[in-house]
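Residue numbers (this note's numbering): 1 to 252. We put the beta carbon where it would ideally sit given N, CA and C, even for glycine. Bear in mind that the values here come from a model prediction, so they are computed numbers and not experimental data.
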């Protein structure tokens, strides 16, 4: 990591650019005056004093009232803990406010079916795994593309079998079916309708009859394109209805 990267990271933790630069400069110096800090940074000397006061207020540096005034940084572990605590405090305050605003404006007069869209195989997989882990009774997973069945997907399905859930894998790919047939407790099915080799179908996840994820796979030859796109909905009437329709076609 370069110094500019470190400055940007400290800015994301709540410091200004000048504060980050002065803090890093004092780490290099061990201790120093405003003149010393100005000498190794682009922070104007006249600004170093006020910036150092802000850092002292944050608990990141110590000030020695000498002539000239000397500054020195607190220990790395102390600084890390100070910034972490501040970040967590600011996060908690912000989300407390957001929650209050949401509650104040939610009059319960209208219910909306929550249907979400995901783009990118990594995000789709993360959501699929999360839904499988949240299942209480039953999981149906389907895919004809072996590359979409990661080790983490397989491991999570096995764990849910061990938890006593009903787990079914549906695939028109004989290799996928053969693999999961060797896993004790997993019900394997071949869907009655095959879409052919050019099918855009990606992954299917049904959970407890009221939560679903459906994805399609695009053309991965398109530069910069998202290979996989999915919709998902949890505990909704939309999910219940679509699951009934799709399961009837899948024969599970």
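(message) Whole angstroms are fine: how far does the CA of residue 231 sit from the CA of residue 215?
(response) 6 Å
(message) Here's the rule I'm using: 16 or more other beta-carbon atoms within 10 Å means buried, otherwise exposed. How should residue 243 be labelled?
(response) buried
(message) Quick check on residue 245: buried or exposed, where buried means 16 or more other Cβ atoms within 10 Å of its Cβ?
(response) exposed
(message) Taking the alpha carbon of residue 71 as the reference point, which residue from 38, 95, 89, 84 has its own alpha carbon closest?
(response) 38
(message) Give me the DSSP bridge partner(s) of residue 61.
(response) 73
(request) Report yes if the CB atom of residue 190 is closer than 8 Å to the CB atom of residue 172, and no otherwise. (result) yes
(request) Under the assumption that residue 205 contacts residue 148 (Cβ atoms under 8 Å), give the Cβ distance between them as a whole number of angstroms. (result) The pair is not a contact, with the Cβ atoms about 11 Å apart (cut-off 8 Å).
(message) If contact is defined by three or more beta carbon pairs under 8 Å, each pair taking one atom from either stretch, is the segment 120–140 in contact with the segment 175–183?
(response) no
(message) With distance defined between alpha-carbon atoms, name the residue in 14, 98, 22, 12 nearest to residue 50.
(response) 22
(request) Would you kindly work out how many angstroms separate the C-alpha atoms of residue 58 and residue 96, rounded to a whole number? (result) 23 Å
(request) Measure the alpha-carbon distance for residue 78 versus residue 85 and round it to whole angstroms. (result) 11 Å
(message) Distance check for residue 99 and residue 201, CA to CA, integer angstroms please.
(response) 38 Å
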